[in-house]
Amino acid sequence: MVNSTLIVTLYINPMTGNDINTGSRLSPFKSLTRALKITKIPTIIHLEPGTYSAASGEVFPLIIPEEATLLGNEANKGAGIVISGSGEYGSPSFGIQNITLLLLDNASLLGVTVINPSAKGTGIWIESAAPTLANNTFRDCGREGVFTTGTAKPAILDNIFVQNTASGLVIAGHSQGEVLRNLFERNPLGIAISDFATPTIANNKLSENRTAIALSRNAQPVLRQNLMTKNTQGGLLVNGNAIPDLGNTQDPADNIFSDNSEFDLYNATKQKLISVGNDLNPFLVKGLIELIPVNQVAINTSLSDAPAQSSSQKLPAPVQLDVHWAEPFIQALVSMDLIHRFADGSYQPDKPMTRAQYASLVAIAFNPFPKISAPDFTDVPKDFWAYSAIQVAASGGFVGGFSDRTFRPDQHVQRLQVIVSLVNGLGLAAIDSDILEVYSDRQTIPDYARKAVATATQQKIIVNYPDPKLLAPLRLATRAEVAAMVYQALVAIGRTSAIKSVYVGLHSRT
Numbered sequence: 015m016v017n018s019t020l021i022v023t024l025y026i027n028p029m030t031g032n033d034i035n036t037g038s039r040l041s042p043f044k045s046l047t048r049a050l051k052i053t054k055i056p057t058i059i060h061l062e063p064g065t066y067s068a069a070s071g072e073v074f075p076l077i078i079p080e081e082a083t084l085l086g087n088e089a090n091k092g093a094g095i096v097i098s099g100s101g102e103y104g105s106p107s108f109g110i111q112n113i114t115l116l117l118l119d120n121a122s123l124l125g126v127t128v129i130n131p132s133a134k135g136t137g138i139w140i141e142s143a144a145p146t147l148a149n150n151t152f153r154d155c156g157r158e159g160v161f162t163t164g165t166a167k168p169a170i171l172d173n174i175f176v177q178n179t180a181s182g183l184v185i186a187g188h189s190q191g192e193v194l195r196n197l198f199e200r201n202p203l204g205i206a207i208s209d210f211a212t213p214t215i216a217n218n219k220l221s222e223n224r225t226a227i228a229l230s231r232n233a234q235p236v237l238r239q240n241l242m243t244k245n246t247q248g249g250l251l252v253n254g255n256a257i258p259d260l261g262n263t264q265d266p267a268d269n270i271f272s273d274n275s276e277f278d279l280y281n282a283t284k285q286k287l288i289s290v291g292n293d294l295n296p297f298l299v300k301g302l303i304e305l306i307p308v309n310q311v312a313i314n315t316s317l318s319d320a321p322a323q324s325s326s327q328k329l330p331a332p333v334q335l336d337v338h339w340a341e342p343f344i345q346a347l348v349s350m351d352l353i354h355r356f357a358d359g360s361y362q363p364d365k366p367m368t369r370a371q372y373a374s375l376v377a378i379a380f381n382p383f384p385k386i387s388a389p390d391f392t393d394v395p396k397d398f399w400a401y402s403a404i405q406v407a408a409s410g411g412f413v414g415g416f417s418d419r420t421f422r423p424d425q426h427v428q429r430l431q432v433i434v435s436l437v438n439g440l441g442l443a444a445i446d447s448d449i450l451e452v453y454s455d456r457q458t459i460p461d462y463a464r465k466a467v468a469t470a471t472q473q474k475i476i477v478n479y480p481d482p483k484l485l486a487p488l489r490l491a492t493r494a495e496v497a498a499m500v501y502q503a504l505v506a507i508g509r510t511s512a513i514k515s516v517y518v519g520l521h522s523r524t
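If you use the working numbering, the sequence shown corresponds to residues 15 to 524, in order.
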């Protein structure tokens, strides 16, 4: 079915535009305020370099409506595209606030710098909405860069929070959502989480703040693979009745605490916390905390460690896996000539998989019929070993690129990305998400992916090792896990027969 929704595109240039213009590329508006008066759903508003302030005609706060996207320059985190100003907003939860931008449901802010110079000013206010903030810079705000409250479920991805007066990010109320791959630097508090908030905080770097993360009241965030380093007071501070998820024996948290001055982890509550698989200094741990090590090496997420894969040589059979849990799936794919080997002849099942390697696997495994025209990704030249595979996988709906037209082939894939990719690429019908009750960590599944995960669960595509009830959606996918799930996807579409495994399907329901 062809999507007939018309997307309105407007252009703003605070230097050369004029608000009596039409808002086209050749005749841009001068102010964002003017564009927002005529915005229809959905809309993309292109922001040209310059400062968007009261001096250029802006009236604050700016309210970004549902389905609207503000698009600046994601590649440089919004450098040179500055929205600076403040106005009063009556929050249902917190009363009158001085804010720069209010983002409504499904709005997106991409590649912009936001400054609120007012005392006690907030850059972005999100209240009971689910917008996306990606590749922005939030700096020099009078209080915090971003504040979420109510039942907010934002996706806060790949941003920079620097030199804000009180906090980089505050998560309050019953907020959930994801905070992934951001940099928090030189804020008194990098992230403050309070009330009944239960966000997922993963793969962030928090450096040179006073305290990296502070929890209070009844907050219960999930913390995974964050780096908290060189903070002048400490790493993680837990107050009130807060209970952070710092890992368990089946899902180590893999947070790294290093070079913090007074503490790595400080539990100021009366209840014992459990820390599993976190790298910290025991002498900088304070309060009731049980430290549980894991006898395994944490996955190294450095792109430079991702091994190059040959596009022409096949993995010799049989592969020596020393009775690895995924051996039946891998050997089955070998027999089907669907997987490749490394230069040393190994498969390296416990290594993470790159986006290029994943695209190569799904392209050859499913040989999808083109659904869309694959873009020419700027970082995938035609002589790149996986160029053809990426084109096939992209046109087939299995993979996509980023707003800056990159593919980022050496970036590692997460388990959730693999699951969503397989469901979308195969066009499997979505089902109700009640089935997700089978997973003990279901609260870590982002809202946008719940139907896809439910569908993959019903189709027995998902493979969970070592605990079938633990999805671990934000953990990097190993090559073994990807191989197993691709095999299960082939089973789901009737291309091969099922392999009996305790790590597949709804075993807790049978």
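For each residue, glycine too, the CB sits at the ideal point set by N, CA and C. Quick caveat, the model's predicted, so the values are computed rather than measured.
Euclidean distance between Cα positions of residue i and residue j
{"i": "Gly94", "j": "Leu61", "result": "10 Å"}
{"i": "Asp455", "j": "Leu40", "result": "50 Å"}
{"i": "Val22", "j": "Leu115", "result": "21 Å"}
{"i": "Pro382", "j": "Gly410", "result": "5 Å"}
{"i": "Thr10", "j": "Ala82", "result": "Residue 10 lies beyond the range of the chain shown here (15 to 524); nothing can be said about it."}
{"i": "Lys300", "j": "Ala256", "result": "15 Å"}
{"i": "Gly64", "j": "Pro42", "result": "13 Å"}
{"i": "Asn35", "j": "Ser98", "result": "23 Å"}
{"i": "Thr529", "j": "Arg224", "result": "The structure shown does not extend to residue 529, since the chain spans only 15 to 524, so no value can be given for it."}
{"i": "Tyr462", "j": "Phe412", "result": "16 Å"}
{"i": "Gly159", "j": "Ile52", "result": "27 Å"}
{"i": "Ile4", "j": "Leu220", "result": "Given that the chain is displayed from residue 15 to residue 524, the structure contains no residue 4 and the question cannot be resolved."}
{"i": "Asn120", "j": "Thr165", "result": "14 Å"}
{"i": "Ala444", "j": "Lys465", "result": "6 Å"}
{"i": "Gln425", "j": "Arg369", "result": "6 Å"}
{"i": "Ile140", "j": "Pro75", "result": "13 Å"}
{"i": "Ala491", "j": "Ala497", "result": "10 Å"}
{"i": "Glu341", "j": "Pro384", "result": "32 Å"}
{"i": "Ser189", "j": "Ile507", "result": "38 Å"}
Local Cβ density within 10 Å of residue i, reported as buried at 16 or more and exposed below that
{"i": "Gln285", "result": "exposed"}
{"i": "Asp268", "result": "buried"}
{"i": "Asp259", "result": "buried"}
{"i": "Phe161", "result": "buried"}
{"i": "Asp278", "result": "buried"}
{"i": "Asn17", "result": "Low per-residue confidence applies at Asn17: pLDDT is 42, beneath 50, and the placement is therefore not dependable enough to give any value."}
{"i": "Ser181", "result": "buried"}
{"i": "Ala373", "result": "buried"}
{"i": "Ala233", "result": "buried"}
{"i": "Thr151", "result": "buried"}
{"i": "Arg419", "result": "exposed"}
{"i": "Ala133", "result": "exposed"}
{"i": "Pro552", "result": "Beyond the ends of the chain as shown, which are 15 and 524, falls residue 552; an answer cannot be given."}
{"i": "Gly109", "result": "exposed"}
{"i": "Val518", "result": "buried"}
{"i": "Gly261", "result": "buried"}
Residue-level contact to chain C via CB, residue i, 7 Å cutoff
{"i": "Val290", "result": "This model lacks chain C altogether, as it is built from one protein chain only."}
Proximity to residue i [Cα-Cα], best of the options
{"i": "Asn130", "options": "Ala498, Arg157 and Gly164", "result": "Arg157"}
{"i": "Ile227", "options": "Gly519, Val427, Asn274 and Ser511", "result": "Asn274"}
{"i": "Ala211", "options": "Ile174, Lys219, Pro235 and Ala388", "result": "Pro235"}
{"i": "Ser230", "options": "Leu251, Glu88 and Leu147", "result": "Leu251"}
{"i": "Asn438", "options": "Gly248, Gly414 and His426", "result": "Gly414"}
{"i": "Ile459", "options": "Ser435, Asp446 and Leu488", "result": "Leu488"}
{"i": "Ala486", "options": "Gln457, Ile507 and Lys514", "result": "Gln457"}
{"i": "Met367", "options": "Glu495, Ala512 and Thr471", "result": "Glu495"}
{"i": "Ile55", "options": "Arg429, Gln264 and Leu118", "result": "Leu118"}
{"i": "Lys167", "options": "Ala143, Ala148 and Leu85", "result": "Ala143"}
{"i": "Glu222", "options": "Leu490, Met350, Gln111 and Leu197", "result": "Leu197"}
{"i": "Val516", "options": "Leu490, Ile507, Ala491 and Tyr479", "result": "Tyr479"}
{"i": "Arg13", "options": "Val434, Leu430, Cys155 and Gln371", "result": "Here the chain has residues from 15 to 524 only, and residue 13 is not among them."}
{"i": "Pro28", "options": "Ser67, Ile344, Gly508 and Ser38", "result": "Ser67"}
Contact belief for residue i with residue j at Cβ below 8 Å, rounded distance in angstroms
{"i": "Phe271", "j": "Asn292", "result": "7 Å"}
{"i": "Gly187", "j": "Thr163", "result": "4 Å"}
{"i": "Arg195", "j": "Asn217", "result": "5 Å"}
{"i": "Val452", "j": "Met499", "result": "Actually they do not touch by this definition, with Cβ atoms about 16 Å apart."}
{"i": "Ala206", "j": "Val176", "result": "Not a contact, Cβ separation roughly 16 Å."}
Residue i Cβ short of 6 Å to the ligand SAM heavy atom set
{"i": "Ala148", "result": "Inclusion of the ligand SAM in the displayed structure is not the case, the ligand content being empty and no account of it being possible."}
ask   = Counting pairs of Cβ atoms below 8 Å between the stretch 488 to 506 and the stretch 469 to 476, do you hit three or more?
value = yes
ask   = Given 8 Å as the limit, is there contact between the stretch 101 to 109 and the stretch 118 to 129, that is, 3 or more CB pairs closer than that?
value = no
message = Quick check: the stretch 361 to 377 against the stretch 390 to 404, are at least 3 beta-carbon pairs closer than 8 Å?
response = yes
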